[in-house]
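Just so we're aligned, residue 11 is where the sequence shown starts under the working numbering, counting upward by one.
Don't be surprised by glycine CBs; every beta carbon is placed ideally from N, CA and C.
Quick notes on the structure that follows.
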Amino acid sequence: MRSLFWRILASFWLAIALVAGLSILLGHMLNQDAWILSRHPGIAKLAQNWTELYEDKGEDAAQEYLQQRKRRYHVDVQVLNDSGEAVVRGTFPPRAAAFEARQHNDPEQLPWRRLTTEYTSPKTSETYLFIYRIPHPELNAWHRQSLLWPLSALGIALVVLTLFSLLVTLSITRPLSRLRGAVHDLGQTTYQQNSLAQLANRRDEFGVLATDFNRMGARLQALIGSQRQLLRDVSHELRSPLARLRIALALAERAEPAEREKLWPRLARECDRLEALISEILVLARLDADFGDAEPVDLDEMLQHLKNDALLSAADQQVRIDIHDDVELQGWPDMLERALDNLLRNALRFNPEGKTIDFLAQREGDRLLISVRDHGPGVAPEFLPQLGEPFYRAPGQTTPGYGLGLAIAKRAAERHGGHLTLANHPQGGFVASMDLPLEPIISGIS
Numbered sequence: 011m012r013s014l015f016w017r018i019l020a021s022f023w024l025a026i027a028l029v030a031g032l033s034i035l036l037g038h039m040l041n042q043d044a045w046i047l048s049r050h051p052g053i054a055k056l057a058q059n060w061t062e063l064y065e066d067k068g069e070d071a072a073q074e075y076l077q078q079r080k081r082r083y084h085v086d087v088q089v090l091n092d093s094g095e096a097v098v099r100g101t102f103p104p105r106a107a108a109f110e111a112r113q114h115n116d117p118e119q120l121p122w123r124r125l126t127t128e129y130t131s132p133k134t135s136e137t138y139l140f141i142y143r144i145p146h147p148e149l150n151a152w153h154r155q156s157l158l159w160p161l162s163a164l165g166i167a168l169v170v171l172t173l174f175s176l177l178v179t180l181s182i183t184r185p186l187s188r189l190r191g192a193v194h195d196l197g198q199t200t201y202q203q204n205s206l207a208q209l210a211n212r213r214d215e216f217g218v219l220a221t222d223f224n225r226m227g228a229r230l231q232a233l234i235g236s237q238r239q240l241l242r243d244v245s246h247e248l249r250s251p252l253a254r255l256r257i258a259l260a261l262a263e264r265a266e267p268a269e270r271e272k273l274w275p276r277l278a279r280e281c282d283r284l285e286a287l288i289s290e291i292l293v294l295a296r297l298d299a300d301f302g303d304a305e306p307v308d309l310d311e312m313l314q315h316l317k318n319d320a321l322l323s324a325a326d327q328q329v330r331i332d333i334h335d336d337v338e339l340q341g342w343p344d345m346l347e348r349a350l351d352n353l354l355r356n357a358l359r360f361n362p363e364g365k366t367i368d369f370l371a372q373r374e375g376d377r378l379l380i381s382v383r384d385h386g387p388g389v390a391p392e393f394l395p396q397l398g399e400p401f402y403r404a405p406g407q408t409t410p411g412y413g414l415g416l417a418i419a420k421r422a423a424e425r426h427g428g429h430l431t432l433a434n435h436p437q438g439g440f441v442a443s444m445d446l447p448l449e450p451i452i453s454g455i456s
């Protein structure tokens, strides 16, 4: 992964290296004598070369070497021993030495710059004092040339640092601008999932962030779409009982007292249906609320309670409960009880008389599988994927209901971090299975 961390780190290191280089350059420039002695071509290594020549070939060769340096670089040189006496004649004329002596109190008025350095011979251990005098015009010309390469290096470094900083800045600001636009579109509900597709292909932190943002946007769009669809479905489902109530009320207003008495049971029945529908809608909506901390669930007691309540309204049915393992389930009992009650009552509506409804609970690793199987006609395979959607009922169903029972069970399973599977049983009938973790993981709406 080409991490932004390394890009930013490289930028800082480049800046530090540049600052260090400038500091060294300024230090040399501020120490003019050391700078000239180490860099001027007429002086650099002169002491070493002269000493070797003097000790190997004598005074004449050493004097000729100084003359050559003066002709080429216009630098006068004197070489003194420890006693202060001239080792060779040198190139500094006596008249110039007298003039320098007169200007001793005001060296700035001299037409040359005087530099001194000592050199000890590694062969004889003799120490020599070298006195250099460089005319100011020659020194100024050399300064202009000698500063050309560090200034050029400085300019190149600044250009490189500027370009690199620009690239790093753009690599950060452009993705941020795209993310800002995506956030704005998401707030305006105009977000398109492919708007960050190119950014998601990056192999750095912004690519990971764009990928996660795309997932979040897709989930939020799905949530907004499901909420809109739920509102449309609710309004559609409420319209029918309200219309029947209006018709019954209109008939009651025109009817005679005797006929009106016959309409009251119908009005009460429609009110009960409307109340039941609103109750189911509220239960579905409350599943997205915060239920607090999970608590232990007594599954055996819950299933027995559901069985007893269900058989009160369907005494001719048979329900068999089979719990294979001693399960310690953590969750929200009210939510699970409502979900399992809907699955059981859905099975009771379709299960034929004389057949047993199987209520099975078994542990599979760290998960719990609860299934409810009936022996009814089942559902056509092409309609199975849509089961569990709010207000959806498979075509051909004549039993009463609003299509919210399976939706409540599905939402409850998702809130526990599990899922609901709806399928036809291989041996006939229909089976609804809730796969739940023993330790609940609250999941969002997908």
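Residue i, enclosing beta strand (DSSP E) - first and last residue
i: ALA433; result: 429-434
i: ILE367; result: 366-374
i: ARG377; result: 377-384
i: PHE140; result: 137-145
i: GLU305; result: 305-307
i: LEU457; result: A query on residue 457 cannot be resolved here, the shown segment of the chain reaching from 11 to 456 and no further.
Cβ neighbours of residue i in the same chain (closer than 7 Å, five flanking residues each side left out)
i: GLY171; result: The residue you asked about is not Gly; residue 171 is Leu in the sequence shown. Here the set comprises LEU24, ALA25 and LEU28.
i: SER175; result: SER21
i: PRO51; result: TYR83
i: PRO145; result: HIS84, PRO121 and TRP122
i: VAL293; result: ARG348 and ILE418
i: GLN113; result: GLN119 and LEU120
i: LEU149; result: ARG123
Of the listed residues the options, nearest to residue i (C-alpha basis)
i: ASP310; options: PHE140, LEU370 and GLY52; result: LEU370
i: PHE22; options: ARG124, ALA54, TYR129 and THR179; result: THR179
i: PHE223; options: ALA210, GLY439, ARG184 and ALA349; result: ALA210
i: GLY165; options: GLY31, SER131, LEU277 and LEU47; result: GLY31
i: PRO387; options: HIS435, ALA20 and THR221; result: HIS435
i: ASP92; options: ASP336, LEU277, THR130 and ALA286; result: THR130
i: PRO121; options: GLU110, THR134, VAL389 and LEU430; result: GLU110
i: LEU430; options: GLN437, GLY438 and LEU446; result: LEU446
i: ASP332; options: LEU346, ASP368, LEU322 and PRO343; result: ASP368
i: LEU219; options: LEU186, ARG112 and LEU394; result: LEU186
i: PRO391; options: ALA433, ASP282, GLU338 and VAL89; result: ALA433
i: GLU280; options: ASN150, LEU259 and ARG270; result: LEU259
i: GLU136; options: ALA71, ALA107, ILE182 and GLN58; result: GLN58
i: ILE182; options: LEU261, PRO400 and PHE216; result: PHE216
i: GLY398; options: LEU189, ARG421 and VAL97; result: ARG421
i: ASP457; options: ALA44, ASP214, VAL97 and ALA54; result: Nothing can be reported for residue 457: it is not among the residues displayed for the chain, which extend from 11 to 456.
Where residue i falls, given that 16 or more other Cβ within 10 Å makes a residue buried
i: LEU76; result: buried
i: ARG79; result: buried
i: GLY415; result: buried
i: ASP86; result: buried
i: ARG154; result: exposed
i: THR61; result: buried
i: LEU287; result: buried
i: HIS194; result: exposed
i: VAL441; result: buried
i: GLN396; result: exposed
i: PRO400; result: buried
i: TRP274; result: exposed
i: ILE46; result: buried
Helix, strand or coil at residue i [DSSP, three-state]
i: TYR402; result: coil
i: GLN208; result: helix
i: ALA228; result: helix
i: GLU65; result: helix
i: THR127; result: strand
i: ALA20; result: helix
i: ALA325; result: coil
i: ALA265; result: coil
i: ASP332; result: strand
i: ALA357; result: helix
i: ALA390; result: coil
i: GLY454; result: Here GLY454 scores only 42 on pLDDT, less than 50, and its place in the model is too uncertain to base an answer on.
Residue interval of the alpha helix (DSSP H) (run including residue i)
i: ILE53; result: Taken as a continuous stretch (DSSP letters only), ILE53 belongs to no alpha helix (DSSP H), as it is neither H nor E.
i: SER443; result: Premise fails: SER443 lies in the beta strand (DSSP E), 440-447, not in any alpha helix (DSSP H).
i: PRO104; result: 104-112
i: LEU339; result: From DSSP, LEU339 is part of no alpha helix (DSSP H) but of the beta strand (DSSP E) over 339-341.
i: ARG425; result: 415-425
Contacts around residue i, its chain only, beta-carbon distance under 8 Å, and the 5 residues preceding and following it disregarded
i: LEU350; result: MET312, LEU313, LEU316, ILE380, VAL382, ALA419 and MET444
i: ALA320; result: GLN327, VAL329, ASP351, LEU354, ARG355 and LEU358
i: ALA54; result: LEU47 and SER48
Cβ shell of residue i (< 6 Å), same chain only, five flanking positions each side left out
i: PHE360; result: ASP384 and GLY386
i: GLN328; result: THR366
i: ILE141; result: GLN88 and THR126
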